[in-house]
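Here is the structure we will look at.
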Amino acid sequence: MNLEHTLSQSPTDELDGLAGLSLQLMEMLGAPGAGLVVAAENLFPPIPSEVILPLAGFAASRGEISLVSAVVWTTLGSVVGALLLYLTGRAFGRPRMYAVVERLPLVSISDLRRGEEWFARHGEKSVFLGRMVPLVRSVISVPAGVEAMPVGRFVVLTVLGSALWNSIFVLAGYLLGENWGVIEPYADVLQKLVIVAVVGAVAVFVVRRVRSIRAR
9 MNLEHTLSQS PTDELDGLAG LSLQLMEMLG APGAGLVVAA ENLFPPIPSE
59 VILPLAGFAA SRGEISLVSA VVWTTLGSVV GALLLYLTGR AFGRPRMYAV
109 VERLPLVSIS DLRRGEEWFA RHGEKSVFLG RMVPLVRSVI SVPAGVEAMP
159 VGRFVVLTVL GSALWNSIFV LAGYLLGENW GVIEPYADVL QKLVIVAVVG
209 AVAVFVVRRV RSIRAR
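Residue numbers for the sequence shown follow this note's numbering, so the first one is 9 and each next one is one higher.
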C-alpha cells in the first residue's frame, strides 16, 4: 500500500510531518506503533489524536493492520500515557508538580490549571469525560493522581473513555479511507456531540434507575 502518497494530499504541512512519523511507526511496528504515538499524545498534548486515530483507521481499511487491533492498541496507549501522568501526580503532589511543569517545554501551567478546574467541577467522572476533550485528556490524569483517586477506578474510567473516543475516530478513518484527513477540522464538533450523547445516556440511565427504585 502507499500511505505516503495519501499523506502527501494532506492540506497542512504540519500534519504531514506528524502523520508521516505515525506512518513510519505503524509500518515498523504495526498497530502497537499507533498505540505508541497515542501514549506520547497523553504526555505531550500538542500531538493531536484527532490526526493519529483516523490515520490508524485508514491503515486498517487498507489491510495494514486490523480494525480491532487499531482500537485495542490506541486505547492501550491512551491508558499507559494517562497512568504515567496519574502516578507522577500522585508521587509528586501539587506543589512539586507545578515546579516540574514549569520546566517542561510543551505543557503550560495554564493547561494544568485547566485540568484541575475540570476535576474540581466534575469530580471523578471528569476522568471519563476528559478523554474526549483536547488538552484536558492529557492533564486530567495529574489532579486525579494528586487527589489520590483510587487507581482501579481511574484505570476503568480511562479505559472506558479512551475506548469510546478512539473507536469513533478510528472507525471514521476506516470508513472514509483516503479521505481520512477531512476529520480533523470537524473534531471539535464531533467532540461536543459525543459528550452530549454520553451525558444524555447517563441522565436517562439515572432517571430510569431512580424510577425503578421508587416503584419497588
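Note that the Cβ used here is the ideal one computed from N, Cα and C, for glycine as well. From a predicted model like this one, the values you see are computed outputs, not experimental measurements.
Quick check: residue i and residue j, are their CB atoms within less than 7 angstroms of each other?
i           : j           : result
residue 63  : residue 30  : yes
residue 46  : residue 82  : yes
residue 147 : residue 123 : yes
residue 117 : residue 109 : yes
residue 139 : residue 175 : no
residue 126 : residue 144 : yes
Under the three-state reduction of DSSP, which class applies to residue i: helix, strand or coil?
i           : result
residue 74  : coil
residue 143 : coil
residue 133 : helix
residue 38  : coil
residue 176 : helix
residue 148 : coil
residue 155 : coil
residue 215 : helix
residue 52  : coil
residue 184 : helix
Quick check: the Cα distance between residue i and residue j, rounded to an integer number of angstroms?
i           : j           : result
residue 166 : residue 136 : 6 angstroms
residue 157 : residue 51  : 19 angstroms
residue 163 : residue 48  : 17 angstroms
residue 227 : residue 183 : Not covered by the structure: residue 227. The range shown for the chain is 9 to 224.
residue 178 : residue 168 : 15 angstroms
residue 128 : residue 134 : 9 angstroms
residue 105 : residue 41  : 29 angstroms
residue 67  : residue 32  : 12 angstroms
For residue i, which residues in the same chain have their Cβ closer than 6 angstroms to its Cβ, ignoring the five residues on either side in sequence?
i           : result
residue 39  : 73, 77, 78 and 81
residue 149 : 90, 93 and 94
residue 69  : 182 and 185
Residue i: buried (16+ other C-beta within 10 angstroms of its C-beta) or exposed?
i           : result
residue 151 : buried
residue 71  : exposed
residue 219 : exposed
residue 180 : buried
residue 131 : exposed
Skipping 5 residues on each side, what residues in its chain have a beta carbon closer than 8 angstroms to that of residue i?
i           : result
residue 37  : 44
residue 160 : none
Under 7 angstroms Cβ to Cβ from residue i, same chain only, skipping five residues before and after it: list those, please.
i           : result
residue 101 : 154
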